[in-house]
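Report on the following structure.
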């Protein structure tokens, strides 16, 4: 006998209306009607509740409804797949968070796409002259293409309290009188720089910056935030 008929049979046997049964299992009477007409089916948890309410075994309740048994079996397998997928998703998400937090300020590409890091703006003192093509001086008479070397290990002050980050970035030769940089960066990733003059830097930053470029600031001048 199909489940829908079994449900109706045991409901009538207990002399319950659809509304009374619905109240006992905490659903609407329309849901009971839908079950009894076969439009929908109760889930596994509800089948167990109904069999206990009717004081029969689950096997007895579902006996003869092969279609329903196959459907429940398929639903259980699908739920198992969803459960494993959810566990895998949570594991990957947590692993990604741990990875991003572990490798902050260690790789510019990771910092660039790290959603947990904020974009900062800082100021830096630059060398007045840059080298070209891997450490060479600029030669006006040279016919060789001369490409400016990137700025290396530049101390960028991120706030008026002196915290900052050592960064590498490209920019080329600074204009005369503007060997200072306004640097927008996220961790080690430098988004862009602008050459600025000393007077254009806010006084709170100038008070803790070196006006002349120094290759190796002392430890006292280099507090870190990571």
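Numbering (my numbering), first residue to last: -7 to 218. Even for Gly, the Cβ is constructed at its ideal location relative to N, Cα and C.
Nearest to residue i (by Cα), restricted to the options the options
i: residue 120; options: 169, 63 and 6; result: 169
i: residue 185; options: 171, 66 and 6; result: 171
i: residue 143; options: 207, 1, 113 and 51; result: 207
i: residue 148; options: 106, 11 and 118; result: 118
i: residue 151; options: 125, 136, 111 and 138; result: 111
i: residue 182; options: 31, 146 and 129; result: 146
i: residue 187; options: 132, 173, -3 and -4; result: 173
Cβ neighbours of residue i in the same chain (closer than 7 Å, five flanking residues each side left out)
i: residue 13; result: 3 and 24
i: residue 197; result: 115, 149 and 152
i: residue 40; result: 50
i: residue 129; result: 123
i: residue 210; result: Its pLDDT being 49, under 50, residue 210 is placed unreliably by the model, and the measurement read from it follows with that caveat. If we look at residue 210 and ignore the five residues flanking it on each side, it has no Cβ neighbours.
Chain-order list of residues whose beta-carbon lies under 6 Å from that of residue i (same chain, five-residue window excluded)
i: residue 157; result: 148
i: residue 91; result: none
i: residue 21; result: 10, 11 and 14
Residue i, enclosing beta strand (DSSP E) - first and last residue
i: residue 176; result: 172 to 178
i: residue 112; result: 112 to 117
i: residue 184; result: 181 to 188
i: residue 145; result: 143 to 149
i: residue 158; result: 156 to 161
Span of the alpha helix (DSSP H), counted from its first residue to its last, around residue i
i: residue 200; result: Looking at the DSSP string, residue 200 is not in any alpha helix (DSSP H), and its letter there is neither H nor E.
i: residue 2; result: -5 to 5
i: residue 45; result: 36 to 45
i: residue 25; result: 21 to 29
Spatial neighbours of residue i in its chain, beta-carbon cut-off 8 Å, leaving aside the 5 residues before and after
i: residue 63; result: 33
i: residue 138; result: 124, 125, 128, 130 and 131
i: residue 106; result: 92, 96, 178 and 179
Buried or exposed (CB count within 10 angstroms, at least 16 for buried), residue i
i: residue 166; result: buried
i: residue 27; result: buried
i: residue 71; result: exposed
Beta-carbon proximity of residue i to residue j, cut-off 8 Å
i: residue 6; j: residue 46; result: yes
i: residue 104; j: residue 162; result: no
i: residue 17; j: residue 42; result: yes
Contact with chain D by residue i, beta-carbon distance below 8 Å
i: residue 27; result: This model lacks chain D altogether; it includes just one protein chain.
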